[in-house]
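What follows is a short report on a single structure.
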Amino acid sequence: MTASQPLKRIILAPGRERRLVAGHGWAFSNEIAKPAAPADGKAPSPAPEAGEVVELAASTGRPLGIGFYNPNSLIAWRFLARERVDIDAGFFRDRLQKALDARTRLVPGERSYRLAFGESDGLPGLVIDRYGDYLVLQVLCAGMEARLDAIREALEGLLKPAGIFLKNDHRARALEGLPSECRVLSGEVPPAVEISEGGIRYSVPLTEGQKTGFYFDQRENRAYLEPFWKGRRVLDLHCYIGAFALRAAKNGAKAVFGVDSSEAAVELARKNAKDNGLEAEFREGDAEEALRAFAGGAKSERPDMIHLDPPSLAPSKKHLPKALRAYVRMNSLALKVLSRGGLLATSTCSHHVSREDFVDILRAAQAKLGRSCRLLALRGQAADHPVLLSMPETEYLNFALIEVL
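As C-alpha cells, then:
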C-alpha cells in the first residue's frame, strides 16, 4: 500500500487521546472504540488485520498518526508516523540511518552495541543488536514481522552485514499471535562472535545465547563500578558469560566468584576468563542458594561486594506483586551476607518495576536486615538504550550501588 492509497481507520473511545497526543506510542485494545471507514470517507471496509498499517483517530475524528494494528494484542496500535508515509525499505533505511548516527555519537568507536531499541528509535517492536559484521534481530509485533524483507533490504544496504540472525523467542511474540523461532535471515551466522568491552574480549553466543546475546544495557554500569572492585572479594550472581565478574577481576578484585543457572553460560564464562588471562571461579547453581551458603559460612570466606542482576520477574503487571516480594527477598539475603563496608550492586530489568518501586524494594530489604545502608548511586540503562520521556515503558533497567553501614 502506498501513501496515496486510502488507509483503514480505527477510532479511539472518547477521552482516550491525551496520552497519545503527548507522545506515547501505544493505543491499547480497551481504548479502541471501533474500526471505521477509510479516511477518504468511502464505504466501510473490512476490519483491519493483524500487522496492517492503519490510521488512528481521536473520537472527534482528529487524525493522530499511522501505525501497526493488531486486533489480537493488548497493544492494539503502535505508532509509526504523524503523516502518511510508505512503510517500505526506504522508511526502514531512513529510521535505521538515524539510529546508527545516534550510536556513533552515544558510543563512539564501538562496533558492538544496541543499534535499534524499538519505539525509542521509531521502530516499534524491533530490537537490533550489532556485533561488528553480524546483526541479531528480535521482532516483537506482527507489523514488523510482515515487513521482514523490507527490514533485511534496508540493513543490507546500510551496513552490508555478513549475517543476520533472528532471535525470535521472546514471550511477547505469543501475545501478538506470532510463533517462536530462531533462524538465519541472511548470510551466514557463526554460533559465537568475539567482542571487546573495557579491555576484555568476550566470546558471545549469537544463536544459543540469552536474549540477543550480550547485555549491552549494563555497559555504563560496569564502567561505573571499576573503582569499587579493587581489593574486594566479589560475588557475581546471574553472571551469564562473566561480563561483570571479569571486569572486576581486571580491575583489582582480590577474588571473583560467578554463579549462573545455565551450564552453557558458565562454560563460556570460564572460557572468557581463560582467554583473557583473568582469575575467576564460575559455577552452575542457584543464586539464592549461593547467598544462603555464604551467609551460613565463615565470615572470612564471605564476599564484601555482591553483584545481583536477576532476570525479569515481572513480565506483566499481574506478576508485579509477586516479583516485588522476590526482589526484596533476594536483596535482603545479599545484604545479610555483607559486613559493614560491604557493597551491593543490584538491578531489576522490567519496565513494570518503576524507579519508585525499585527504591521501595531496597528500603524493604534494608528493613529486613535491621541495619543502616547508604545509597551511593541510582542509575539506569546504557545510552544505546534511549528512553522516551513520553513512554515510561522504554525505561526498564534500574541499577543501584548500596553500602552497608
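Going by the working numbering, 410 is the number at position 403 of the sequence shown; the sequence numbering is gapless. All residues carry an ideal CB built from backbone N, CA and C; glycine is no exception.
Cross-strand partners of residue i (DSSP beta bridge)
{"i": "Pro70", "result": "Ala64"}
{"i": "Met312", "result": "Val241 and Leu350"}
{"i": "Leu404", "result": "Cys356"}
{"i": "Ser119", "result": "Tyr138"}
{"i": "Ala321", "result": "In the DSSP output, where bridge partners are listed per residue, Ala321 has none listed."}
{"i": "Lys174", "result": "Cys189"}
{"i": "Ala384", "result": "Leu408"}
{"i": "Ser210", "result": "Glu201"}
{"i": "Glu291", "result": "Asp267"}
{"i": "Gln145", "result": "Val134"}
{"i": "Glu56", "result": "None, per the DSSP bridge assignment."}
{"i": "Lys41", "result": "Ile18"}
{"i": "Ala124", "result": "For the record, residue 124 in the displayed sequence is Phe; it is not Ala. For Phe124, which the question treats as bridged, DSSP gives the partners Val134."}
Simplified DSSP state of residue i, which is helix, strand or coil
{"i": "Arg239", "result": "coil"}
{"i": "Glu270", "result": "helix"}
{"i": "Arg299", "result": "helix"}
{"i": "Ala34", "result": "strand"}
{"i": "Leu166", "result": "helix"}
{"i": "Glu286", "result": "coil"}
{"i": "Leu182", "result": "helix"}
{"i": "Phe86", "result": "strand"}
{"i": "Tyr222", "result": "coil"}
{"i": "Gly194", "result": "strand"}
{"i": "Ala262", "result": "strand"}
{"i": "Tyr76", "result": "strand"}
{"i": "Gly97", "result": "helix"}
{"i": "Gln104", "result": "helix"}
{"i": "His392", "result": "coil"}
Status (buried if at least 16 other CB within 10 Å, exposed otherwise) for residue i
{"i": "Phe406", "result": "buried"}
{"i": "Gln373", "result": "buried"}
{"i": "Asp156", "result": "exposed"}
{"i": "Thr67", "result": "exposed"}
{"i": "Gln104", "result": "exposed"}
{"i": "Asp243", "result": "buried"}
{"i": "Glu195", "result": "exposed"}
{"i": "Lys237", "result": "exposed"}
{"i": "Val28", "result": "exposed"}
{"i": "Lys325", "result": "exposed"}
{"i": "Asp293", "result": "exposed"}
{"i": "Thr219", "result": "buried"}
Beta-carbon proximity list for residue i, same chain, < 6 Å, skipping 5 on both sides
{"i": "Glu188", "result": "Asn175"}
{"i": "Leu383", "result": "Leu408 and Glu410"}
{"i": "Phe86", "result": "Gly32, Gly72 and Gly74"}
{"i": "Ala305", "result": "none"}
{"i": "Leu173", "result": "Leu144, Arg190 and Leu192"}
{"i": "Ala272", "result": "Tyr247 and Ile248"}
{"i": "Phe221", "result": "Val211"}
Between the CA atoms of residue j and residue i - distance to the nearest angstrom
{"i": "Arg336", "j": "Pro131", "result": "35 Å"}
{"i": "Phe98", "j": "Val92", "result": "8 Å"}
{"i": "Met151", "j": "Gly58", "result": "7 Å"}
{"i": "Pro168", "j": "Gly22", "result": "46 Å"}
{"i": "Tyr403", "j": "Pro328", "result": "17 Å"}
{"i": "Ser379", "j": "Leu369", "result": "11 Å"}
{"i": "Asp311", "j": "Ile207", "result": "23 Å"}
{"i": "Arg226", "j": "Ala20", "result": "42 Å"}
{"i": "Gly387", "j": "Arg277", "result": "28 Å"}
{"i": "Leu113", "j": "Ser339", "result": "35 Å"}
{"i": "Arg290", "j": "Arg102", "result": "42 Å"}
{"i": "Arg180", "j": "Gly348", "result": "44 Å"}
{"i": "Ile94", "j": "Pro53", "result": "21 Å"}
{"i": "Ile171", "j": "Lys375", "result": "48 Å"}
{"i": "Ser397", "j": "Thr355", "result": "21 Å"}
{"i": "His177", "j": "Ala64", "result": "31 Å"}
{"i": "Thr214", "j": "Asn37", "result": "37 Å"}
{"i": "Ser307", "j": "Ala352", "result": "20 Å"}
{"i": "Leu331", "j": "Lys15", "result": "42 Å"}
{"i": "Tyr138", "j": "Gly259", "result": "28 Å"}
{"i": "His245", "j": "Pro13", "result": "51 Å"}
{"i": "Leu399", "j": "Leu320", "result": "In the sequence under discussion, the amino acid at residue 399 is Pro, which differs from the Leu named in the question. About 18 Å."}
{"i": "Leu315", "j": "Gly216", "result": "20 Å"}
{"i": "Pro393", "j": "Glu126", "result": "9 Å"}
Proximal residues to residue i (C-beta, below 7 Å), its chain only, five neighbours per side dropped
{"i": "Phe223", "result": "Tyr120, Arg121, Asp136, Ala389 and Asp391"}
{"i": "Ala287", "result": "Gly249, Ala252, Leu253, Ala256, Val263, Gly265 and Ala280"}
{"i": "Val344", "result": "Leu298, Phe301, Ala302, Arg309, Pro310 and Ile313"}
{"i": "Ala40", "result": "Ile18, Leu19, Ala20 and Ser66"}
{"i": "Leu185", "result": "Ala149 and Glu152"}
{"i": "Ala123", "result": "Leu103, Ala106, Leu130, Leu133, Val134 and Ile135"}
{"i": "Ala333", "result": "Leu320"}
Cutoff 8 Å; reference residue i; Cβ partners in own chain excluding five residues on either side
{"i": "Ser323", "result": "His359"}
{"i": "Ser210", "result": "Ala199, Val200, Glu201, Ile248, Leu275, Lys278, Asn279 and Asp282"}
{"i": "Leu165", "result": "Arg100, Leu103, Gln104 and Leu107"}
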